[in-house]
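Residue numbers (the numbering used here): 1149 to 1286.
Every residue, glycine too, gets a C-beta built ideally from N, C-alpha and C.
From a predicted model like this one, the values you see are computed outputs, not experimental measurements.
For reference, the structure discussed in these notes is given below.
Here it is as structure tokens:
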């Protein structure tokens, strides 16, 4: 049975703060898991409490032992990468050109945009991107 041992009073204070005061849901879960393990809950009890696999519990413990609180946080760059970017002027110009050529026909504008992309986008993706483009939100 694995368990977290030897937490300093400062670490306990930080984990309690993250677990019960603020933070994202997953960081709260991970912080609570480390605390509960320190207080004596078994991996099986933690699995049931947090509704995760044993491997997840052990990964959280490994991460804690390797890097403390910083290691419990998600690393940047996770998730699906956007296919369109406001920073890519080529894409922005292509989309503006598509809507100037086909102002009232989303289907043809989409076809025009997709002809220059390596991975085609959906109508909804184009619609959301145009909305962001109009409002200037990044």
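Under the DSSP assignment, residue 1165 falls in the alpha helix (DSSP H) whose first and last residues are 1157-1168. Taking a cut-off of 8 Å on C-beta distances, the stretch 1179-1186 does not touch the stretch 1227-1243, as fewer than three cross pairs fall below it. Cβ-Cβ separation between residue 1220 and residue 1155: approximately 13 Å, too far for a contact (criterion under 8 Å). For the pair residue 1249 and residue 1269, the Cα-to-Cα distance works out to about 19 Å. Counting along the chain, residue 1283 sits inside the alpha helix (DSSP H) bounded by residues 1271-1283. When the five nearest sequence neighbours on each side are left out, the beta carbons in the same chain lying within less than 7 Å of the beta carbon of residue 1212 are those of 1152, 1182, 1219 and 1220, in order along the chain.
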